[in-house]
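Chains A and B supply the protein sequences, listed in that same order. Heads up: the first sequence at position 55 corresponds to 54 in numbering that gives the first Met the number 0, and the numbers run straight through without jumps. Heads up: the second sequence at position 143 corresponds to 142 in numbering that gives the first Met the number 0, and the numbers run straight through without jumps. To start, the structure under review is shown below, and the notes come after it.
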Amino acid sequence: MASTETTTVKDGGSVEAGLDALETTVTGRPTFRQTFVNKIFPPIVALAVVMVVWLILTPIVDDPSKLPSPGAVGTEFKNAWLAGDLLGYIWTSVSRGLLGFFFALLIGTPLGLLVARVKFVRAAIGPILSGLQSLPSVAWVPPAVIWLGLNNSMMYAVILLGAVPSIANGLVSGVDQVPPLFLRAGRTMGATGVKGIWHVTLPAALPGYVAGLKQGWAFSWRSLMAAEIIAQFPDLGVGLGQLLENGRTNSDMAMVFEAIVLILFVGIAIDLLIFSPLERWVLRSRGLLVKS
Amino acid sequence: MATTLAKETTESVEHAARLEHVSKSFATPGGQQLVLDDITIDVAPGEFVTLLGASGCGKSTLLNLVAGLDRPTTGSITTDGRPALMFQEHALFPWLTAGKNIELALKLRGVPKDERRGRTEELLELVRLPGAYGKRVHELSGGMRQRVAMARALAQESRILLMDEPFAALDAITRDVLHDELTRIWGETGLSVLFVTHNVREAVRLAQRVILLSSRPGRIAREWTVDIPQPRRIEDAPVAELSLEITDVLRGEIRRHGQH
Ligand SMILES: Nc1ncnc2c1ncn2[C@@H]1O[C@H](COP(=O)(O)OP(=O)(O)OP(=O)(O)O)[C@@H](O)[C@H]1O
Ligand SMILES: [Mg+2]
Chain A
0 MASTETTTVK
10 DGGSVEAGLD
20 ALETTVTGRP
30 TFRQTFVNKI
40 FPPIVALAVV
50 MVVWLILTPI
60 VDDPSKLPSP
70 GAVGTEFKNA
80 WLAGDLLGYI
90 WTSVSRGLLG
100 FFFALLIGTP
110 LGLLVARVKF
120 VRAAIGPILS
130 GLQSLPSVAW
140 VPPAVIWLGL
150 NNSMMYAVIL
160 LGAVPSIANG
170 LVSGVDQVPP
180 LFLRAGRTMG
190 ATGVKGIWHV
200 TLPAALPGYV
210 AGLKQGWAFS
220 WRSLMAAEII
230 AQFPDLGVGL
240 GQLLENGRTN
250 SDMAMVFEAI
260 VLILFVGIAI
270 DLLIFSPLER
280 WVLRSRGLLV
290 KS
Chain B
0 MATTLAKETT
10 ESVEHAARLE
20 HVSKSFATPG
30 GQQLVLDDIT
40 IDVAPGEFVT
50 LLGASGCGKS
60 TLLNLVAGLD
70 RPTTGSITTD
80 GRPALMFQEH
90 ALFPWLTAGK
100 NIELALKLRG
110 VPKDERRGRT
120 EELLELVRLP
130 GAYGKRVHEL
140 SGGMRQRVAM
150 ARALAQESRI
160 LLMDEPFAAL
170 DAITRDVLHD
180 ELTRIWGETG
190 LSVLFVTHNV
200 REAVRLAQRV
210 ILLSSRPGRI
220 AREWTVDIPQ
230 PRRIEDAPVA
240 ELSLEITDVL
250 RGEIRRHGQH
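Below, the structure written as structure tokens:
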């Protein structure tokens with residue numbers, strides 16, 4: 000009897016190992032070649048097409064005050080770089096944007112948690128919060144100027160008003176979408192109250208939260224640019240918005256193009272360097288990212 | 000594990016779980032719907048009981064009540080400590096690795112940090128997944144997930160383990176293997192198990208006692224004691240024989256519903 004028992008158990012073990020091996024799929028990381036062909040090459044082609052169209056259009060329009068040549072814009076970049084101003088413009092705006100975003104994070108996260116978890120708070124400000132999200136945050140620039148004057152705090156106020164609703168709403172929808180099964184599983188393990196929020200609700204809500212952060216950044220960057228265009232004041236330093244406005248007042252279209260390219264570039268770079276990797280990491284670690 | 004359990008149960012407890020005249024109704028648009036009616040069940044320490052019933056008869060509802068996730072409408076439920084519950088779906092947290100899922104259960108139980116890792120490895124060993132510590136949930140097969148879920152439930156060191164059709168979604172071969180595992184672990188740990196299934200053979204393969212629930216409302220229809228010695232196999236003649244008998248009664252129960 001004892002011997003048959005051992006054989007069944009041993010048998011069971013190897014059958015299991017076999018089943019596990021059959022059911023587990025091995026997925027490797029993509030090679031550099033694949034990444035290049037799938038991810039890097041297509042945007043290069045798109046960029047080349049834009050440049051070609053630009054080069055063709057320049058002699059047709061034939062008016063540098065309307066459409067400067069790529070060369071003129073390039074010279075503008077080169078001069079700003081040689082004068083040591085280029086990184087300064089970028090840094091002025093980016094540091095403002097990131098610091099403002101950081102404050103928005105500190106305010107939006109607890110706010111979102113309150114709205115998600117406290118019925119009264121949700122009923123009271125939930126609708127306002129989601130309504131605010133559809134209000135273009137540029138609309139806050141005039142009142143912020145009147146309330147706070149032409150200074151840095153006005154810029155931060157505008158960034159906050161743009162980003163806080165997105166961040167809070169992202170967290171609220173993240174919490175709302177937590178599968179009840181996880182909450183119940185947590186409860187049977189003793190994760191109730193604060194422990195439940197910390198160990199189950201928040202990590203489960205992370206994908207929605209990160210989506211909110213991403214949108215919050217997009218909104219704060221846009222509202223910051225609007226604020227910088229409007230708030231011209233020597234003490235504030237020259238950010239990308241001021242550069243754009245300077246270009247307009249000097250009728251220097253090459254400078255306007257330079258500013259637009261930089262604003263676009265920074266927006267894309269921050270997304271590519273911070274938010275997209277964060278989002279991919281969150282989704283991939285949960286097996287939610289479908290490789291195409 | 001066996002030693003800890005023995006230590007904790009010294010204050011002699013007669014029931015791992017006790018349900019007395021439990022009924023449960025839900026408010027539905029058509030009025031109160033009685034789902035469970037006058038259920039009385041005793042699970043002795045170390046006993047393996049299966050609850051058998053057709054789909055929708057209230058098995059999950061009953062386990063939720065025992066787990067304390069919901070309250071009975073009338074009647075009372077007492078358990079020896081907080082039960083561990085293994086859900087119909089694995090319910091592992093996808094943001095944690097297999098190992099961290101188990102460690103979370105240990106942490107919430109108050110196991111000190113430096114003991115958790117070793118304990119987790121032991122539990123993974125127990126469910127025969129020694130290499131799975133760092134694996135993400137989505138990297139595991141269905142059978143492996145259920146085994147990790149089992150390890151997580153065992154990590155709670157509850158004296159009673161509630162299992163809600165944990166193997167229903169698995170293929171027959173994997174299920175057989177996990178039946179062997181469960182029987183072995185039950186034998187090694189001295190746990191009480193309340194196992195829910197709609198599969199008659201599975202119920203007979205595993206249990207010391209099979210309780211048949213009727214449907215609408217769920218009532219205890221009949222009870223069988225299974226004294227076929229373990230280890231059993233689902234194909235064994237005595238298992239098949241008793242399964243046939245139970246299936247006939249189950250069919251009778253279902254037919255009763257067709258008549259009105
Ligand atoms: N929260 C609820 N509100 C209303 N009705 C419910 C609720 N939960 C369960 N029910 C009803 O109770 C009955 C029993 O459901 P339950 O999930 O317990 O069945 P089950 O026996 O576990 O079925 P299965 O084998 O399919 O898992 C069903 O008719 C279901 O519609
Ligand atoms: Mg069920």
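Think of the CB as a built atom: it goes at the ideal place given N, C-alpha and C, for glycine as much as any other residue.
For a test of the three-state rule: what should DSSP assign to residue i, helix, strand or coil?
i	result
B/MET162	strand
A/ALA253	helix
B/PHE92	coil
B/ILE219	strand
A/VAL137	helix
A/THR191	coil
A/ILE39	helix
B/LEU205	helix
B/GLY30	strand
B/SER214	coil
B/THR60	helix
B/THR173	helix
B/THR188	helix
B/LEU35	strand
A/THR248	helix
A/GLY238	coil
A/GLY169	helix
A/THR30	coil
B/SER157	coil
A/LYS77	helix
B/ARG146	helix
B/ASP235	coil
A/ALA45	helix
A/PRO233	helix
A/SER317	As shown, chain A starts at 0 and ends at 291. That puts residue 317 of chain A outside it, with no answer to give.
B/ALA168	coil
A/SER92	helix
A/ALA82	coil
What does a CB cutoff of less than 8 Å around residue i pick up in its chain, not counting 5 residues either side in sequence?
i	result
A/ALA225	SER136, VAL137, VAL140, VAL157 and GLY240
B/VAL110	ARG118
B/SER144	Sequence inspection shows Arg at residue 144 of chain B; the Ser mentioned does not correspond to that position. Answer for B/ARG144: HIS89, LEU91 and VAL136, listed in chain order.
A/THR191	GLY185
A/PHE232	LEU149 and ASN150
B/TYR132	THR96, ALA97, GLY98, THR119, GLU120 and LEU123
Per DSSP, residue i is paired with what?
i	result
A/LEU288	According to DSSP, which records beta bridges pairwise, A/LEU288 is partnered with nothing at all.
B/THR182	Looking at the DSSP assignment, B/THR182 forms no beta bridge with any residue, so it has no partner.
B/PRO196	The question names Pro, yet the displayed sequence has Thr at residue 196 of chain B. Paired residue(s): B/LEU51.
B/THR73	B/SER22
B/LEU68	DSSP lists no partner for B/LEU68.
B/ALA16	B/VAL42 and B/THR78
B/THR224	B/ARG208
Beta-carbon within less than 6 Å of residue i's beta-carbon, same chain only, minus the 5 sequence neighbours each way: which residues are those?
i	result
B/LEU241	VAL203
A/ALA143	MET153, ALA156 and VAL157
B/CYS56	LEU212, SER214 and GLY217
B/ARG17	ASP41 and THR77
A/GLY266	TRP220
In its own chain, which residues sit with a C-beta less than 7 Å from the C-beta of residue i, not counting the 5 before and 5 after it?
i	result
B/SER75	GLU19
B/GLN155	ALA83, ALA104 and ARG108
B/ARG221	LEU211 and VAL248
B/LEU35	VAL21, SER22, LYS23, GLY57, THR60, LEU61, PRO216 and GLY217
Using a Cβ-Cβ cutoff of 9 Å, what residues of the region 177-207 of chain B are near chain A? List them in chain order.
Residues of the region 177-207 of chain B with a Cβ closer than 9 Å to any Cβ of chain A, in chain order: LEU177, ASP179, GLU180 and ARG183.
Only counting runs of 4 or more residues, tell me where the alpha helix (DSSP H) segments fall wholly within the region 112-161 of chain A, in order along the chain.
Entirely contained in the region 112-161 of chain A, the alpha helix (DSSP H) runs reaching 4 residues are, in chain order, 118-132 and 140-147.
Contained alpha helix (DSSP H) runs [length at least 4] in the region 176-230 of chain A, N- to C-terminal order:
179-187, 192-195 and 201-229
Entirely within the region 83-141 of chain B and at least 4 residues each: give me those alpha helix (DSSP H) ranges in chain order.
97-107 and 112-125
Taking only beta carbons into account, state which residues of the region 100-112 of chain A come closer than 9 Å to chain B, listed in chain order.
none
What are the residues in the region 181-195 of chain A lying within 9 Å of chain B by C-beta distance?
PHE181, ARG183, ALA184, GLY185, ARG186, THR187, MET188, GLY189, ALA190 and LYS194
Anything in the region 268-291 of chain A with a Cβ closer than 7 Å to a Cβ of chain B? List those residues in chain order, please.
SER284, ARG285 and GLY286
Using a Cβ cut-off of 8 Å, which residues of the region 202-224 of chain A contact any Cβ in chain B, in chain order?
PRO202, ALA203 and LEU205
For the region 92-103 of chain B, which residues have a CB atom closer than 7 Å to at least one CB atom of chain A, in sequence order?
Identification of residues in the region 92-103 of chain B having a C-beta nearer than 7 Å to some C-beta of chain A yields PHE92, PRO93, TRP94 and LEU103, given in sequence order.
With 8 Å as the C-beta to C-beta threshold (strictly closer), list the residues of the region 154-172 of chain B near chain A in chain order.
GLN155 and ILE172
Against chain A, which members of the region 234-246 of chain B pass a CB distance test of less than 9 Å?
Within the region 234-246 of chain B, no residue has its Cβ closer than 9 Å to any Cβ of chain A.
Check distances from the C-beta atoms of the region 35-64 of chain B to those of chain A and list, in chain order, the residues that come in under 9 Å.
ASN63
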